[in-house]
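Now the structure itself:
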C-alpha cells in the first residue's frame, strides 16, 4: 500500500515531510518514506480548546489517499494502482483523555475533492476545558486489511 498525504499549507507539508523523513531515517529530503506499519499517525496542526460538555470539529489540514499496488502488470507505468478505503481511528493516547471520538471508515471517494480535508468531531465529556496542542497525534490512518503501508508520499 502507498499513502499519499496532500495539503495546501506549506507549514503542514513541511511538518509531514519531516515526519516521513524521520521514518525513512534520512532527516531531510522530499517527504517520501518507507514504512512497515499498517497505521500512520496524524497530527493536529493548531492548538484548539474544547469546552466541557462541548463538541468541536477539528480540521487536520490534510487529505489522504491510500493505493494498493500491483507490480509486474504490463502497463505503461508497469504498476496498477487501486484506490482503497482506510480507517481513521483514535490511538492509545486518546484513552487517557476526556475526549470521545468514533472509529470512522473513510470511503474511496473522499479524496476526490481536494478541498475537503480530514476533520473529526470530538466531544469533551469532562468538567474542564480540554486543550489539544499543536503537533499532538491522537489519531491514525489504518489500512483496511492491516497490510503495511510500504510507501508514504507527501504532496
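Numbering (the working numbering), first residue to last: 8 to 162.
No residue lacks a Cβ here, since even glycine has one placed at the ideal position from N, Cα and C.
A quick note: this is a predicted structure, and the numbers were derived from the prediction, not measured.
### Query
residue 72: buried (16+ other C-beta within 10 angstroms of its C-beta) or exposed?
Residue 72 sits at position 65 when you count from the first residue of the chain shown. With 16 or more other Cβ atoms from the protein chains shown falling within 10 Å of its own Cβ, residue 72 counts as buried.
### Query
residue 148: which of 67, 17, 28, 162 sits nearest, CA to CA?
As a position in the chain shown, residue 148 is number 141, starting the count at 1. The shortest C-alpha separation from residue 148 is found at 67.
### Query
Ordered along the chain, which non-local residues of its own chain (more than five positions away) have a Cβ less than 6 Å from that of residue 14?
Start at 1 with the first residue of the chain shown, and residue 14 comes out as number 7. By the criterion of a C-beta distance shorter than 6 Å, residue 14 is surrounded in its chain by 20, 68, 69, once the five residues flanking it on both sides are discounted.
### Query
Among all the DSSP beta bridges, which residues are the ones paired with residue 46?
For this step, residue 46 is matched to residue 39 along the chain shown. Residue pairing by DSSP places residue 46 opposite 149 in a beta bridge.
### Query
Just reading off the beta strand (DSSP E) that residue 95 is part of, what are its end residues?
Translated into the one-based positions of the chain shown, residue 95 becomes position 88. Taken as a continuous stretch (DSSP letters only), the beta strand (DSSP E) holding residue 95 covers 93 to 97.
#### Entry: Integer-rounded CB distance, given that residue 54 should sit under 8 Å from residue 140
In the chain shown, the residue the question calls residue 140 occupies position 133. In the chain shown, the residue the question calls residue 54 occupies position 47. That pair is a contact at about 6 Å.
#### Entry: residue 27 versus residue 161 - alpha carbon distance
Taking the first residue of the chain shown as position 1, residue 27 is located at position 20. Taking the first residue of the chain shown as position 1, residue 161 is located at position 154. Straight through space, the alpha carbons of residue 161 and residue 27 are spaced by roughly 8 Å.
### Query
Helix or strand or just coil, what does DSSP make of residue 90?
If you number the chain shown from 1, residue 90 lands on position 83. Taken through DSSP and simplified to helix, strand or coil, residue 90 comes out as strand.
### Query
What does residue 9 pair with, by DSSP beta-bridge criteria?
Translated into the one-based positions of the chain shown, residue 9 becomes position 2. Residue pairing by DSSP puts residue 9 in a beta bridge opposite 74, 158.
### Query
Roughly how many angstroms separate the alpha carbons of residue 159 and residue 143, rounded to a whole number?
Here the question's residue 159 lines up with position 152 in the chain shown. Here the question's residue 143 lines up with position 136 in the chain shown. Between residue 159 and residue 143, the alpha-carbon positions lie close to 20 Å from each other.
#### Entry: Residues that DSSP places opposite residue 137 in a beta bridge
Within the chain shown, numbered from 1, the residue matching residue 137 stands at position 130. The beta-bridge partner set that DSSP reports for residue 137 consists of 57.
### Query
Using DSSP with H/G/I as helix, E/B as strand and the rest coil, what is residue 19?
The count along the chain shown starts at 1 and reaches residue 19 at position 12. It is helical.
### Short Cβ contact (8 Å threshold) for residue 129 with residue 57
Sequence index remark: in the chain shown, residue 129 carries index 122 (1-based). Sequence index remark: in the chain shown, residue 57 carries index 50 (1-based). Yes, the Cβ-Cβ distance between residue 129 and residue 57 is below 8 Å.
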